[in-house]
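Residue numbers (my numbering): 27 to 296.
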């Protein structure tokens with residue numbers, strides 16, 4: 027496949043898939059083979075992700091300039107916050123920007139997924155995934171954690187054609203540009219092609235909230251699932267422990283405290 031024969035949307039999807047494969051530990055050569063992209067294109071997508079996060083990976087096309095984002099009405103923003111506080115209908119574990127835009131359109135609001143993305147970003151609701159690439163070679167606590175707890179599980183799930191997710195729980199910290207915006211407790215996932223899925227709460231999530239998320243992750247019955255989860259440890263929660271004991275196909279991997287995503291680490295160094 028030659029990138030020049032792809033539409034901008036198709037190329038962007040391939041670049042996102044390439045980054046996801048790299049995050050899962052695949053080499054540039056293996057990623058290029060799986061996506062059909064050239065090795066330089068894979069490397070360029072990876073570099074864009076490391077420098078600017080997921081939003082920097084898709085190719086840029088002509089259109090609305092930065093800073094000219096669609097403005098959501100107060101009513102649309104209230105509807106958006108209401109959706110995030112509820113569980114999506116159907117099988118989705120949480121809300122994507124596209125799903126939120128579709129629900130708001132059905133309610134009569136003119137909203138695009140990009141406008142939803144801008145709204146989430148302004149409220150610190152766009153967390154980046156952890157970059158696991160290269161951890162297996164590090165002589166550190168993080169490297170040992172990856173080699174001993176993460177790598178064997180991911181390899182087992184891949185062999186069984188299961189699903190690999192990243193996720194976590196965090197508290198948003200809206201910037202000064204958003205007036206009177208409350209902090210939210212955010213449960214989030216990064217799924218296939220790096221798509222961000224979220225639910226938001228006014229108070230810390232309880233066991234039932236976590237389980238509602240976990241139960242929707244398997245794409246098919248009895249398929250293994252690996253979830254690398256940041257921000258919470260569930261050893262003290264008997265309800266979640268019991269659920270995990272009876273769902274042996276679900277592999278929950280806790281991320282050690284202090285291990286940050288590449289964009290977060292880079293930002294802290296500045």
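Cβ atoms here follow ideal geometry from the backbone N, Cα and C, with glycine treated the same way.
{"Query": "Inter-stretch contact at 8 Å, needing at least 3 Cβ pairs: the region 208 to 217 / the region 184 to 200", "Result": "yes"}
{"Query": "First through last residue of the beta strand (DSSP E) which encompasses residue 196", "Result": "189 to 197"}
{"Query": "Start and end residues, alpha helix (DSSP H) containing residue 236", "Result": "233 to 240"}
{"Query": "Collapsed DSSP secondary structure at residue 281 in the structure displayed", "Result": "coil"}
{"Query": "Helix, strand or coil at residue 49 [DSSP, three-state]", "Result": "helix"}
{"Query": "Start-to-end residues for the beta strand (DSSP E) that takes in residue 255", "Result": "251 to 256"}
{"Query": "Rounded C-alpha distance that separates residue 51 from residue 159", "Result": "5 Å"}
{"Query": "Local conformation of residue 263 per DSSP, three classes", "Result": "coil"}
{"Query": "Delimiting residues of the alpha helix (DSSP H) encompassing residue 180", "Result": "177 to 185"}
{"Query": "Per-residue DSSP class, three states only, for residue 212", "Result": "strand"}
{"Query": "Cβ shell of residue 231 (< 7 Å), same chain only, five flanking positions each side left out", "Result": "195, 211, 213"}
{"Query": "Cross-strand partners of residue 109 (DSSP beta bridge)", "Result": "Paired residue(s): none; residue 109 is not in a bridge."}
{"Query": "For residue 297, the nearest candidate out of 36, 281, 251 (CA to CA)", "Result": "Residue 297 lies beyond the range of the chain shown here (27 to 296); nothing can be said about it."}
{"Query": "Buried versus exposed call for residue 86 [16 or more other C-beta atoms within 10 Å across all chains shown]", "Result": "exposed"}
{"Query": "Residue 332 and residue 240 closer than 8 Å at C-beta", "Result": "Absent from the model: residue 332. The displayed extent of the chain is 27 to 296, so no value can be given."}
{"Query": "Rounded distance between the beta-carbons of residue 172 and residue 182, thought under 8 Å", "Result": "Incorrect: roughly 15 Å between the Cβ atoms, too far for contact."}
{"Query": "Continuous beta strand (DSSP E) stretch holding residue 224: start and end", "Result": "222 to 227"}
{"Query": "Contact the region 37 to 46 vs the region 61 to 72: 3+ CB pairs below 8 Å", "Result": "yes"}
{"Query": "With 16 other Cβ atoms within 10 Å as the buried cut-off, status of residue 208", "Result": "exposed"}
{"Query": "Buried versus exposed call for residue 119 [16 or more other C-beta atoms within 10 Å across all chains shown]", "Result": "buried"}
{"Query": "In DSSP terms, what residue 121 is bridged to", "Result": "224"}
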